Every structure is written in structure tokens, then in C-alpha cells.
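Residue numbers (this note's numbering), protein chains in the order written: chain H, 8 to 598; chain R, 227 to 569; chain U, 1455 to 2050. To start, the structure under review is shown below, and the notes come after it.
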Amino acid sequence: MPKLDITVEVCGMAGDGTIAAGGLINEGMSRGGLSVLAFDSYPAEIRGFGRCVTRSRIGHERRTALEEHTHVLISLNDEQSLSRVPFLTEHSAVFFDNQPPTLVPEESSLAAHVEPATALFGMPFTDLAAQAAGSDRGRNLVALGGFAAVFQVPSELFEPAIVKKFKSKGQKVVESNVRCFQAGVAYALERFSERLWDPVSFPPPKEGPEIVMLSGNTAIAEGALDAGLHLYFGYPITPATPIMEYLAKRLPERGGRLMQMEDEIASIGGVLGGFFAGKRSMTATSGPGFALMTELITHGVMSETPAVIINAQRGGPATGLPTKTEQSDLHAAVFGGPGDSARIVIAPTDVPECYHLTIKSFQLAEKYQIPVIVLTDFFLDNRVESVPLPVAEDDARKDMTVYPDPDAKERYRRFKITESGISPRALPGMEGYIFAATGLEHTEKGLPDYTPENHSKMTEKRYRKLRSALEDLPSPVEHTPRGRVDLGVIGWGSNFGSVHEAVNRACERGLKVGALKLTAIYPYHEDAIRDFMSRCDEILIAELNFEGQLANLVGHLHRKEVLRLNRVTGLPMPPSVIYKKILEILGETDS
Amino acid sequence: MKKVRAMHDEHFVIIGNGPAGNQAALTLRQKVPEARITMISAEHERFYRPHLLPDFVAGTIPENEVYAAALEHYRTHRIKLRLGQRVVAVDFSKRNLLLEHKETVRFSGLILAVGGKPRIPEPLLVFRDLLLTFKTFSDARKWIERLHRVDSVLIVGGDLTSLAVTKALLRLGKEVRFVLNEDAFRPVRCKPEVFQEAAHRLSLQGVKVLEGRKLRSVTRINEDLFEVTADRERFRVGLVGAFFGLVPHVRFLARSGLTIERGVLVDETLNTGFEGVYAAGDCAQVYHTHIRDYWVSIGHDNAVSLGRIAALNLLGEKMKAEPKGETILCDDVRVNTSWWRDF
Amino acid sequence: MKTKGAYPAENKDATVEAPAVAYSTDAADAYYMDVNVPCQSGCPAGTNIPAYIRCLFEHRYDESYQINRTANILPGVLGRICSRPCEDRCRHGELELGRPVNICHIKRAASDFRRAPLNPERISPSMEKTIAIVGAGPAGLAAAHDLAAVGIKVTLLEAFDEPGGMLKYGIPRFRLPRDVLKAEIDAILEMGIKLKTGCRVGPDVSLQELLDQHDAVLLAAGCYVPRDLGIPGEKLPGVLTGLNMMMDLEARRLPELGERVLVLGAGFTAFDCARTALRSGAEDVAICIRRTEEDFTVTEDEIFQAKKEGIRILPLMTSSRILGRDRAEGVEFLRTRPVGFGPDGRRRIEAIEGSEFVLPADSIVVAVGQKPAPFPFPGGGNSDGRLEVSPEQIQTSISRLYVAGDYRTGPSTVIEAIADGREAAERIAESLTGRIFRQTCVRQQDTKATDRERSWDYLPRQEMPTVEPAGARLEDGAVEVETGFSREQASEEAKRCYLCYLHYEIDLNRCIYCRYCIDVAPRDCIKLVSRIHLNDDGAVVGLEETANWREVNAVVIDNSRCIRCGECVRVCPVDCISVTRVERVERIHEKGASHA
């Protein structure tokens, strides 16, 4: 039984119910036990203009990357869908409304542009919706019904999802939508009975944790809540805004507080203030907002104040491409800001890691008294994965603060130079502990001091602290066959998903290729990385930025020049692109 | 991204994806390298040879050998192939056609190669759901599925396809009854002698030929058992097949101005009377002075030949359509069919 | 002032005021009706079709029947045999919308299910005027009814033994049962019409005598002289004319036809004869036509039923000779080929030289039409002593002498004959009394209800059930083949009517140009318009659409494309779309009015 791996797209105009239909496909297929990875794109307008596309990769195996091609296209607006036709695979399926209200000239017709091997399933969406529900509003559900019938997906998977989704709009809407769905199913079963696709094979139901559809942003927000987030300060910016919106509702329910600030500078100020007072605090922003935060981030480094900052990367520079994905803030995250102000930077690669690494970021920030930057990107933030409901680590809420000895009060030195670099930390209000906290260079007690020896020692202490953090940072993970390999591919952030899939494909073909996942961007595990590189002839680093920012950071660890695969299209890197590069490097041809 | 060429370019449209249509498309492409050529077919299958379907049913040739061309062929020749899309109306004055999904397509030249669909005479229409016809790949698959479960078959009608199918059934070891109908050789009008000859040959092969002309009733006992009354006889069979010849698939051309009888009426150059509009293959009906009647071509070779002629004439030539190939004598005319000869 | 033929403005709830009703004789409104209610304007008698369909949907069979009867005095008959020009124009039959509403059979259902007796309705008391109507066929009967209703004393003369004309003598029982015909004719005669059967103008009474005895004479004698083919052998025994065959059948004199019958002709009579031939025992019946099946004027139902019964249709052949010595043995034909279209839109054919072939036959039926029998009229008329009748005039050149129906126009259809008879009656009544009794006008009344649901637009057409299998029909040749809709079927089919008498209009003063209505429109029925073209009467005759937003002056519902689905009304955020019921109705002026 070949493994199922299909990408299903719904494409329409704003207002067509495209996103809702895509969401129902995700929900339904995931209910059936299949893995789903979905990524939507939609315009800013509510109705009338602009293309909405939902893309869902569905299959037996868990996926963390999207290819460019599509197997099934459900068109709710043919004019918009025309641009998706070139991405259809040879044996694809297209569902479209075959009774539009007016005549369509050949050049605007979807049916005129598809290849002959593409199976066309024309259904009168509007008419069936009108018949079933009295108006054309349920067109998207009729189309969904057609899809379910042709792919022989049991209605029991979709109908509860429909009920759940529209429950808040009242019983009448729910019934009307279910009728539209059923009308689509009935029509398709009758008309397409001889052309049904092979039935989707659903895995047998198994016991286990509940599977949910979770986006990166929601995972981050939930991780923060489960880590005991107490204060959120933020300013809306795509693609981080959903985090703030989610927390605005949920944080107060958990006893926390959220405040929208006048800008990002005030936001980071709030976070530092909150954490200074001993409460876990967070902000989330994107490239342009992060840039505004850099000075205060270095203040956090200098004053050894914890902070958690989510940088949801998007196309840059400047305002850049707000709704496109990129990985071009690595430099800014690690080095941005005045002075020798390196801080912890971590980058999750998938939705579960978004959850867990957010929890970890609070633990790291608290223990190492340093700002922790979590780098995500638009693709990771907005995509939805079917995952087991994440469960917090037992120590998620554990207070990691390294407190001073109880009898050290009089001689308490807030910035005591220690072997690990971590100084004991008293919180303001703790009786008997007096200290100063400042962004100026300072003595162990915290008083400003610019003497040469002090600055050298303090700087060195702060960097030693970072090296200590390595033991708590997630190590690089190898996916490599035993022994030497001809090529090792390194990836980070959401792009690692593409790297992993490409490398797996190469291995299946018999090539000797390995992959390395880095989630600790700074500090990075020099030894482990070097060790991996030593077993590879060539190293390729694939990332969504122009220069190769990770390559700049760790490339020197390899004995020769690392090869770079850089793409700045604003879209996720398809595994096939990496795969082609692998073949090219190894001198193979695509069969 | 591909762009459709500007609409003012020359656009030749062929309706139909059978032997006639495919030959017409190829001929046009050979003669006019830069024209836009589109083939539109209501069936979802790619080009296959219908006359091989009985062998497919008999199991003597595998499915992939029934197909006649791979999709690559159309890419190579830059012929746009549109499968599973149906033309519902043609406006000859505006020179555009309307597809079922409400798309309009402009054409500068049009070749109708739509073939025919199985005819059920009106008196038997009330039994339509109980009868199986045999024309398309999809039909053949249905027969194969049913033949797995039944041992006896009744063939009603007796057109040329029925003879080939009977051969296939005998090869599969099925018991075959035959109600031979004198109108059955439609679209060809045959003399009674030919008719009797056919009956005789069938009996020699072990087929039970029923003399009565009229099928009175068909009732379903269960999914694989039917009770049939033909004149005075009554019996039971597992499957009833209707073979009453073809009626051209041209309902969509009604009221378009074309003349339609057993096919689209064309002159000897296959022109329909409208400039730049030709018909070829099973759907073209030409007056034949020799038989003093209208003639509809049957058989693969004729279709190919007519397809070619229609294409050439569309481009300005004036070739005349003549039937050719292996024939049998029927009513003073040579009927081309390889099936009949083999029988 | 009574209003007939309209959806009655009854007040079921006395506390709610019905919206005001307005009547208009404006030419612009009449033009609107022509375009927008295509069924009614296609009906020669102007039947208010949407209204009677709606009544039937509401199970008000008597009223549905009555609405029909005001325009067409024989609904039960026409509900079976009408040529249905309305269905050809029905909006539901437009290309992508499906099939036309089965209007005719709904009419029949109203007739089948009505219960109330038909009471004669008089418009005016008796007056001292008399008229003689020659011919008790559809035209004569319709005229007789209308003239009797306004109080004129009517004498109806009929050459045959019974009234009905073509209905009785030209249409077979298996299409029109005689009890239905008789009931409706009797209802007409109950107006006090004096019927004299077996009375022929010429042999039994002269035209001059009639003119002397009556204030007016109306000739509605139909066309009973069969046309010839004009080919050799036509007079051989075994060759019958279609009309004579049908008349013999009615008189229970079934002809001996033998086994093989060829029918030459392509009209209703040809089909009636062919089907009758089967019922008379012929085994092999073929209808031979010069053109193709596409060119038939008979209804598709008729063709289909004939084929079901086993009749073959042989196209593209024209008869050149009838062969045989003592008796007809066969027909020699020539093949024909199509050669374009004539100015009347009919396909032209020409015979193919050298294509002669012969088909054997035991009997040959020639059914190629009829012509009227000229009445002798000394002292008037043309050089042949014939009455000069020009098809355009109801009034002849002779004072007080009128013509109507097939006698006037040549063979046409029953509904046209009825319409013609009514028109003649109105003219005659006016010329005899100087008063107008009936006036067509457009009745308008606001309504908010669309009266139907969008999902009904997708209902498949109900087909008339017939006696099955076809063989069973031949056992009793007189059994009616169409068995009639059940109440449920009739109601289901009635749902399919879009109710085109509803007029949807956007109030331009309140429209906010949000275009929600265009978004939900099922077809191109709501348009962004830069200009509206009016004709001289002020009727909207054209809309100039524009895609350029700057040029848009109005959002307009194009009623000629509108299928009255009601979606626009549902979504309009400012409720600026009005729905008005507009119906072409007849207003009766009791005792007549001096002018319109």
C-alpha cells in the first residue's frame, strides 16, 4: 500500500469561504488519523478582492515541509484559480463550478487550461447550494462534499467538523451547511461514480493523546501560558499579532495581564520591567519591531535581566514583505544592538517545538538572567500541523532563578563573578538585599565603573555565562547514516523540515547524505557541529536569506568553504529544490 | 506561466476524440504548423480504438493495448486535448461553441467528429435501464464486470458491433441468444438476404437465433437475472445487450441550422453547408448515388480516411469522400468492417 | 366592474389591507407584458398562464380552470391537444435553465380536478340582435360563446351531425376523449345558443338567406377540402386522404388498411393517421417526410409517442408516383437534399436527380393539409363567384359578413382558431351595438412575496404519464394514451413556473450601489447600466451596460433575463427592490362601454 501524500488546495476570492473549507479539510482528515500540514494565504480585504489559497498536505507520514505542486485543486473562483494551474501534478484532480452565472470566455476558463490527464470534476456548486439551502452561501461546502465523495472519505469525518465549526452561528446555519455538504456528496457519487479516486486509506484508529490542529503562533502562546507567563507587553505586527490576540483573551483567564504599548520600545521595556520584578514576561514582534527593541535588549544583557522575545521573521528589510516568509533576522537576533551583547537565540523548527522551546526560553531566561530570543518565521507561525495536544514539562513553571545564599545579605553582590558566570539574583523587595541595576558597565555590586580591568572581567563573565547555557540548550540533532557521508546538509527554523525531507529522499535513492538540525543558534554547540562536519565531505547550508546568515555564523567550523543554498522568494523552500541541489553537488542526474 | 494565445489567431476545433477526430487533428497540424488546434471530447478517456473493445472483453488483449495514443503525442504535436468536456451548442454565424460548463470557445474552423451513441428504439426505451449497450471503454468495463457473474446473454438488435461481441461472448464460454432485428444494421439499410445470411452464420457458431422481430418485455428478477418475452417465447438470461446501431451524437446541434438525420448531412467534400465546418467519421452522412440513399461510414479505416479528408478540405482542398477498405456486400454497397469479415 | 382572468385580490385576513390595484392601458405596459411574460404573449388567446399555474399550485382547481376559460373556452380540450406555442417561449426552457414548464398538462390537470359546475356567465342582458355562425368548430364555438354572453342571439350552423369541427372529426379519441369534448361544448351551448346540425351552407341554406335573416353572419367553416399531392396514381383505390380517414374513424367506419401503411405528410394529421393505422391493425406504419425530423411542427411528445408505438419516420424523401394497377401497391420516391433556408425560416429541399426508389405499401395516406371550401355567393365575390376573403381581415368586403378561424387564415392551430373566433366576436359585438364589452389591460398590484422558493428552480420537469407498454394502447384503440397528471405531479410541475408575472424593480432613489444583488444573481439579470433606451411609447427596450464604474448610472434588473428567484430581494440591505404582480387581464364592461 503506497503511502498517501497529497496536497489539496482550495482557491477562491475573499468572501468565498475558502479558508473555512480548507479548515474543514484539515479537521476532517486529521480526525481520520492522517497527518496534516496546512498553510493558507489570504488577502487583507474581507470580501471582493484578492486571492485566498489554502494548501493542505495530507498523508500517512508526518510532514514539516510543503512542496510546490498540488494534487487536488478545489476552485471556488476560477479566475483566481487560473494562476494555480501550472502547479498541478500530472494526475491531479480539479473541482470547479460548472454552472457559473454568466458565460465564460475560453481564456478565463479553468477547464481550458488544465492538462488532459487532470481529472475535471465539474459540479454546479451554486445551484446545489441554492437547492439545498436556499442561497449560494454554502458553495464551499458543496465543493467539500464533492471532494469527500470522489476521494471516498467517509462523511462521518467531515460532518462533525462542520457542526463544530458553525455551532456558534446557530442550529439553522449548521443544518443548512450540512445539507450543502450532503448535496455535494450525493451529486458527486451519482455523476462521478465511474471516476472515483482510489479511496483514501485511513489508518486504523489508535489509542493515544488527542490530536489537534495547531498553528505555530498558537503553540507559542500556549507554551507561554503553560510556562506561567504573567505579563505580556506588545505591539501588533504581522505575523506576530495572533500571539497577542490569543493571549489578550487567555492571559487574564490565567491571572495574568496584557497591555498593548505605544511601540516596540515600550514593549521590551515592559518585559524587562516585569521580569526584573520576578514575573515571567514576554513580547512578540517581527523584524522591524525587533530592530526598535535592540537597545533595550542589550540593556537586558548588561543589566543581566531576563526577557523572552519572540521574533516572528518575515520578508525584509524594513517593512519588507509583511505576509511572506524569510529567515533573515538571524544576524540581528544574535548581534543586533550596541556592544558585545551576545544573548541566547533559539529557533524551533516545527509546531511542537514552538510550544516546548517557548517554555524552555522562560527557563533559560530566568536561570541565565539574559534576554532569550525565539526566532520563528511566517511559515512556521501561520501553518497548522496536526499534532498531539502538547503537554507541558513537569518543570515548566519551576522557578529557575538562582537565588543568593540567605546569609549573604550584607555582602550581597548582584553581579558576583562566578565560575559559571551566573551571579546570584535577588529580586527587588527581597528583604536585606541591596543592589543597583544599570545599563552602565558596573562593579560586582552594580555601581557604575569604567575601569579597564573591570570592563574586561565583566564582559568575559557575561560571555562565560553564555557558554554555561550550552548545557541547557537543546543539542544539534543528526539524521545521518553511519560513517562518512558525501554531503551534510544543515538547516534551521522551519526550513529544516524541507532539508530533512530532501535528505530522506536522497537517502532513499541510495545517496550518502546526512542532515543536521540546529535549534540553538546562539550559543551554538561548536563541538557537536564540528564533529558532524568532520564526517561530511561537503557541507551545504540551506536557508531563506540572501547571504547565508547561519553559514556566516557556523560555516567557519568546517575545514573548507561551506556550500550555500539561499532563496528569498518569500515562499517556503520546497524540498525538491534542496533535493535538486543535493543531486547537483553529488553530480547525479534527476531520474 | 503558460498564456493562452491571442484569440485572433487561427483556431481549429475538433469535436470528438476517436479515429476521425485524431486523424483530422494530426493532418491539420502537419499542414499548418502554427495554428492553434484543440480537440474536445465528452468522454474522459484518451484515444482508444473502439473496434478492439470486444477483444478486450474477451480477454484476448490487455487494457493498455486498446489505447491508441499516449498523452505525450498531443504535447509533441501541440494539440490541446480537452477530455471530459461536452459541447452543448454551436453558433455558426458567431463562430463560437458553448461547452456544458458555460464556456464559449471561438473557432475559425470546426470539424465535427462526434461519432455515435448506441440507439435504443423508442418502443424499448421503457426498458432502458435494464439493457446494456456497447460503445465506450466504460461500457466494456461494465460488461466485463457483469460477465464475471452471468453465464447467459441475450443480444437484441444485431448491428455490426453485436457480431464482434457475440464472438467475444462465445470465446468466454457464455450461452448466447440472439434476436435479430431487420432494422438493426443501422445506419446501413440491408436487404433481407444479408440478414438471413447473418442469422445462418450465427447459428453455425452455436448461437440461438430467435426469429421473432419484436422484443415485448424485459423484467428484472434480480441484479443478474432477467426475464424476457420476445413475441411468443419467454426465457431468462443473465444480461441483455442492446445493439441497434448508432445514432449520431448530435442532439446539441439541433436547431443550429445543420441538417441531421442519421448523421450530420454533408456534401461529398464533407462540408456541412456552413463555411469552415465539416463532419467526419460515424457522424457524417453523405448522399451516395450508387445506393440512392444517404450513407454513413462505419469502421475505423473509413473514419480515419474521412478525418483526413475533412481536415484537408477545411484547409481549402476539394477532396471527395469515398468509402474504402475491406467490405462486404450489403444492398449493393460495400460496407467496411473488419468485424463482419472475421465472422 | 368585474375583472376576469386575474389572480383575485381576495382578502383572507380582513384586518390587513390589500395593496392597491391599478389598471393600465398604456402601450408601454402592454409592451412590457409582451416581453416579460413570454408564455402569455406567445399564446394567441392571451391566456394568463402564470396565474392559472399559481392557482393550481394552491389546489384551487376551479379557479385555475376558470382563468383558462376566460381566454380559451375549451381548456380540457386544449389541455390535451394544444400546439403549445407558450412552451416554446417559456423562460424555464432557455438554454441553461432546463426544460420549459409543462404548461399544457397543468391546464389539463385543472380541468381533470375541477369540481364546480360551469355556470353560464352573462355580461349583458339579451338584446334584439341576432347572428348566424357557420361552423361549430373551435372558432365558431368561441365566437358563439362570447356573442351569447353579451346578449346577442346566436344561431350556430354545423354541416356535420355533431358540433366540434376538427376536434371531433380530425383528432382521434386516443388523443381527445369525446366525453371531455362534449362536456365543454355543452357548457357553451348552455348560454342559449341555438345549434342546427346537418345544415350545409349552399345545399341547405344560402349565404344570402342567412344575411337576410340575421344582423350579422360569421363564417367559421374551417378547412375541410384535402390538398392533393398532384402526382400520378393519387386516385387509385388504397389511397386515402388523412382527413377523410379521420372522419371515417369518427363515424366508426374503420378503413381496411392492410399490413403496410405509408403516410405522406408531416403535420398533426399525418401523425394522427399513422397512429390510427396502427390501431386499425396495420403492422408496419411509416411516416414519409420531405425534410427531417428536426423540422416537424408537431410537439416532441407526439413524435416520441408515435415512435414508441412503433411508427417509423423516414425523412428526406419526396413522393413522385403512386404505383399499382387496380389498386395502390407502393410509392416511388426521390431522395431530397437540404438547400438552405427560405425567408420564412423553413428548411428548403430539392429532389436529387436519378435517386428514384420504391417502397411497397398496402395503403397510402395522403395528409398534406387542407383548404377551405369556397361558398357560392352570387352577386359578390370575385370572378369565380367565390367570396373574396383576405386573411388579414375579419370583416369581409361584404357588409355584415365576417370570417374567422381556419376558414380565414388557412389551416392553423386550435388555439389560434379560438383566439380568432373571440376577436371576431368582439368586433362583431362592437359593430352591432356600438359598444365595447371587453378590454385588455395590465393589472398591477404590489406584493412582497416571491411566492416560490429558489430550490424549485431545480425540480426536474414532470412528464405526462402514458399507457405503458405501448403495445397495451393498441388493444383498445380508443383508450386515451396520456393518462393525466396526478394532483401531486401537477403541483410539483406548477412549482417550476417562475411566475414571470412578478416584476422586480430596483428603486434608483434608494439603491446604494452595493451590488450585493449582482453577487447573488443566478445569471446576467442585474446589470450596471449607463443608459436606458425607451421606445416612443416609453417602454424600456434596451439597456446599455458598462464595466466602467465611472459610467454607471444605475443598477437595473433586466426583467427579460430575470427568473424571479427572489435572491436580490433577500440580500438587499436597504430593501429597495419592489415586487409587483403585473397581469394582462380582461376587464368586462357590463352592458358595454361607449369607448375604452
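Cβ coordinates follow ideal geometry from the N, Cα and C atoms, glycine included. Small disclaimer: the values here were computed from a predicted structure and weren't measured.
Scanning chain R for C-beta atoms nearer than 7 Å to the C-beta of N105/H yields E326, H327, reported in chain order.
Taking CB atoms only, L148/H has no neighbour in chain R less than 8 Å away.
A506/R and L95/H have their C-alpha atoms roughly 34 Å apart.
Contiguous alpha helix (DSSP H) elements confined to the segment 252-318 of chain R occur at 279-284, 297-302, taking only those with 4 or more residues. In this structure, the alpha-carbon of L572/H lies about 29 Å from that of T301/H. Per DSSP, D12/H is one residue of the beta strand (DSSP E) stretching across 12-20. Within chain U, the residues whose beta carbon sits less than 7 Å from that of E348/R are F1758, K1761, K1762, listed in sequence order.
According to the DSSP secondary-structure assignment, A1740/U is paired through a beta bridge with L1716/U, R1766/U.
Residues of chain R whose Cβ lies closer than 7 Å to the Cβ of G129/H are, in chain order, H327.
Counting other Cβ atoms within 10 Å of its Cβ, Q1667/U stays below 16 and is therefore classed as exposed.
An exposed status is given to N2002/U, since fewer than 16 other beta-carbon atoms sit within 10 Å of its beta-carbon. For T292/H, the closest of F385/H, I528/H, P395/H, V492/H by C-alpha to C-alpha distance is F385/H. Taking 8 Å as the cut-off, the beta carbon of D1874/U is found closer than this to the beta carbon of A1593/U. A distance below 8 Å between beta-carbons, with the five flanking residues on each side excluded, links S334/R to the following residues of its chain, in chain order: E236, H237, F238, R321, G502.
By a beta-carbon distance limit of 8 Å, V381/H does not contact V484/H. Their separation comes to about 18 Å. Using a Cβ-Cβ cut-off of 8 Å, L297/R counts as an interface residue toward chain H, since at least one Cβ of chain H sits closer than that to its own. Looking at the DSSP output, Q511/R bridges to L491/R, V522/R.
L1635/U counts as buried, since no fewer than 16 other beta carbons sit within 10 angstroms of its beta carbon. Closer than 8 Å to the CB of P1792/U there is at least one CB belonging to chain R. Straight across, the Cα-Cα distance linking Y1955/U with G1624/U is about 35 Å. Assigned with DSSP and collapsed to three states, E501/R falls in coil, not helix or strand.
If you look at K213/H, you'll find it isn't in any alpha helix (DSSP H); DSSP assigns it neither H nor E. Per DSSP, the beta bridge partners of E401/R are S378/R.
Neighbours of D1905/U across chain H, judged by C-beta separation under 7 Å, do not exist; the nearest C-beta is about 15 Å away. Within the segment 465-488 of chain R, contact with chain U at the beta-carbon level (separation under 8 Å) is assigned to A480, R481, G483, T485, I486, E487. Between the C-alpha atoms of T1904/U and F128/H there is a straight-line separation of about 34 Å. Between H120/H and V92/H a beta carbon distance of about 5 Å is seen, short of the 8 Å cut, so the two are scored as contacting. When Cβ-Cβ separations below 8 Å define contact, H270/R makes contact with chain H. Between V391/R and F360/R, the C-beta gap is smaller than 8 Å, which places the two residues in contact.
Cα atoms of G1784/U and V1717/U: separation of roughly 11 Å, rounded to the nearest angstrom.
Not a single CB atom of chain H sits nearer than 8 Å to the CB of D1930/U. Listed along the chain, the chain U residues whose CB falls inside 9 Å of the CB of A137/H are R1908, S1909, D1911, Y1912, P1976, C2019, E2021.
Looking only at N1556/U, S1817/U, R1568/U, I1741/U, the smallest Cα-Cα distance to L1690/U is reached by S1817/U.
In this chain, T596/H is not harboured by any alpha helix (DSSP H), its DSSP state being neither H nor E. Inside the segment 144-204 of chain H, DSSP marks whole alpha helix (DSSP H) runs of 4 or more residues at positions 146-157, 162-173, 178-198, from first to last along the chain. Contact between Q370/H and T312/H does not hold, since the beta-carbon distance rounds to 16 Å and is not under 8 Å.
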